[in-house]
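If you're matching positions, the sequence shown starts at 1012 in this note's numbering and goes up one per residue. Glycine is no exception: its CB is placed at the ideal position from the N, C-alpha and C atoms. Here the structure is a predicted model, which is why all the values come from computation and not from measurement.
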Amino acid sequence: MVTISVIMPLYNAAKYLKEALESVLKQTYRDFELVCINDCSTDDTLNILLEYKEKDKRIKILSNEIHSGAAVSRNRGLKNARGKYILFLDGDDVFEEEMLEKACEAMEKYQTDIVLFEYRHMPSESIYEKKSVKRPGYFAEYYCNDPFSVKNFRPRDFPNWSSSPCDKMLRRQFIEDNQIEFQNLTCCNDVFFAKMAVFCAQKIIILKDERVMVYARDHFEPSRISTNRDPMCVYYAMEKLVIELKERNMLCNLEDSLFYILASKILAAVKEEKNAERKKAFYQFLHQEGIAKLIDYGKEYYAEVDSYDRYILECFLHNTYESGWFNTLETYFQFYLKRNGRVVCQLIKDKLMENRKVILWGAGVYGRTLLNYLNENCIEVSAVVDNDAGKQGTIICGYEIVKPDDLWERADYILTASKIIYLDIKNIVKSAGVTLVNVLAMLTEEESES
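#1: In this structure, does DSSP put Asn1058 in helix, strand or coil?
#2: Rounded to a whole number of angstroms, what is the C-alpha to C-alpha distance between Phe1296 and Gln1403?
#3: For Ile1407 versus Lys1360, is the C-beta spacing smaller than 9 Å?
#4: Distance check for Asn1330 and Tyr1343, CA to CA, integer angstroms please.
#5: Counting only the same chain and skipping the five closest in sequence on each side, list residues whose C-beta sits under 6 Å from that of Leu1447.
#6: First and last residue of the beta strand (DSSP E) that includes Arg1228?
#7: Per DSSP, Gly1130 is paired with what?
#8: Pick out the complete alpha helix (DSSP H) segments inside the region 1362-1426, 4 residues or longer, and give them in chain order.
#9: Considering Cys1115, what are the terminal residues of the beta strand (DSSP E) in which it resides?
#10: Is DSSP giving Ser1084 helix, strand or coil here?
#11: Give me the residue from Lys1304, Cys1211, Ile1216 and Met1249 with the minimum Cα distance to Asn1264.
#12: Is there contact between the region 1119-1132 and the region 1171-1181, where contact requires at least three CB pairs shorter than 8 Å?
#13: Near Ala1274, what residues of its chain come up, given a Cβ to Cβ distance below 6 Å and the 5 sequence neighbours on each side ignored?
#14: What does DSSP give as the partner residues of Arg1182 in its beta bridges?
#15: Of the choices Leu1305, Asn1351 and Ser1268, whose alpha-carbon is the least far from that of Asp1317?
#16: Using a Cβ-Cβ cut-off of 8 Å (strictly less than) and excluding sequence neighbours within five positions of Val1445, which residues of its own chain qualify?
#17: Do three or more CB pairs link the region 1242-1260 to the region 1193-1206 at distances below 8 Å?
#18: If distances are taken between C-alpha atoms only, which option among Leu1032, Leu1358 and Glu1107 comes closest to Tyr1063?
#19: Give the single residue among Leu1021, Glu1065 and Val1035 whose Cα lies nearest to the Cα of Val1083.
#20: Beta-carbon within less than 6 Å of Glu1109's beta-carbon, same chain only, minus the 5 sequence neighbours each way: which residues are those?
#21: Tell me whether Phe1447 sits in a helix, a strand or coil according to DSSP, three-state version.
#22: Just grab the DSSP bridge partners of Lys1071 for me.
#23: Of all the options Thr1380, Met1249, Leu1381 and Lys1120, which has the alpha carbon lying nearest to the alpha carbon of Ala1279?
#24: When the Cα atoms are used, what is the spatial distance from Asp1307 to Phe1293?
#25: Per the contact definition of three or more C-beta pairs closer than 8 Å, is the region 1182-1191 in contact with the region 1129-1142?
#26: By how many angstroms is the C-alpha of Asn1351 removed from the C-alpha of Glu1341?
#27: Flag this pair as yes or no: are the beta carbons of Gly1309 and Val1253 separated by less than 9 Å?
#28: Identify the residues that DSSP records as bridge partners of Val1017: which are they?
#29: In or out: Ile1077 buried (at least 16 other Cβ within 10 Å) or exposed?
#30: Can you tell me whether Asn1163 is buried or exposed, with buried defined as 16 or more other CB within 10 angstroms of its CB?
#31: Where does Gly1301 land, buried or exposed, given buried means 16+ other C-beta within 10 angstroms?
#32: For a test of the three-state rule: what should DSSP assign to Val970, helix, strand or coil?
#33: Take Thr1455 as the anchor and find which of Phe1169, Tyr1347, Ser1034 and Leu1382 has the nearest alpha-carbon.
#34: Should Arg1041 be labelled buried (16 or more other beta-carbon atoms within 10 Å of its own) or exposed?
#35: By how many angstroms is the C-alpha of Gln1299 removed from the C-alpha of Lys1145?
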């Protein structure tokens, strides 16, 4: 048995195929097989594969008898893979040279079902520009040091809801035990596989390495890009996901995450559809029957779902397409601030009455939203601070934004509208005896208590 199987579905991939193959064959980790599935390509794809197979016997070529699509090809690759671990790569993408090595090390060290890593879409002309991500300070502690599962986090705190299989290394036995396959759709055929894998996984880890490990090429080759980007495929993927979870008795404790995905994916499908006629038809389907069906599948748990996600789904039920509500939808923070902002107002009033110093840390989108809300309610905080030098010295919502420096040490209460800021500074302010308040948590806790 080889350690890793890289599965590559190919249809008319000749233009970039050599680059993709080279990125795999140049890996620092050597114990792998590359399973290439030629899906009846009409260009030079097969000849290139045969040429490379002569040079490197780790390449295995499978050929479909009829053009079947990426889902069928990937499923066939899975059935023929011998590796302990599985990765997916498309024929126009490239790996970082240490991709296999680093992912395999994490798999072995943490004995996980899935290892996640950084994945970036890049223009073709920039595909070889090395990139890294800048993660918040708390990230490694939460996601890179100990295995976790979906159940360990609230839906919006879970670090990877990607619909791509290409940013994951998966244990083959895990895929087989959970009978996870790609859904045969004209587009979005990887959505069910990616989401179901994450839902089923008991142990997930994210590579501590901040380098981008897979570069997905953005281009517009007609022979490579599906011209039938039907939004109904998003619906079919969501429907299959909820039905499968229900049939496997997995909805309990996963209902929040499931309905978060349902609401966000379907909303995005409506907003991103460019064809006006198809967009309206898709919305009408959702309005008349589609959303009601999804809710009905999970009706035993629907009342426990986050209010914002229920709000989105019920907007589909109760509003016409012509209302255009989906273009002016409140953000998650705005929604809860509008419903429960009184508790924040009362907290600030009480502390100011006690001559306590209350500052807001963070003047980003959520921070500005909070400041506007407080201004509307005639409530002032003592100061607004931000680490961003570009914001310091500017006037936002009537406040001059200042550097935190030691100002926060003289505060009694620090409010943060961003959970990222909250997690980044909580250990710092705790050591100084300052009370740190996560405003969003306060708003959502008020909702659950009521």
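Checking against the coordinates, here is how it stands:
#1: helix
#2: 48 Å
#3: no
#4: 19 Å
#5: Ile1425, Lys1437 and Val1440
#6: Val1223 to Asp1229
#7: For clarity, residue 1130 is Tyr in the given sequence; the question names Gly instead. Beta-bridge pairing links Tyr1130 to Val1225.
#8: 1376-1387
#9: Careful: Cys1115 lies outside any beta strand (DSSP E), inside the alpha helix (DSSP H) at Met1110 to Tyr1121.
#10: helix
#11: Cys1211
#12: yes
#13: Asp1320, Ile1323 and Leu1324
#14: Tyr1096
#15: Ser1268
#16: Trp1419, Glu1420, Ala1422, Asp1423, Tyr1424 and Ile1425
#17: yes
#18: Leu1032
#19: Leu1021
#20: Thr1039
#21: The question names Phe, yet the displayed sequence has Leu at residue 1447. The answer is strand: DSSP assigns Leu1447 an E or B state.
#22: Val1046
#23: Met1249
#24: 19 Å
#25: no
#26: 14 Å
#27: yes
#28: Leu1045 and Leu1098
#29: exposed
#30: exposed
#31: buried
#32: A question about residue 970 goes unanswered here, because the residues of the chain that appear run from 1012 up to 1461.
#33: Tyr1347
#34: exposed
#35: 43 Å
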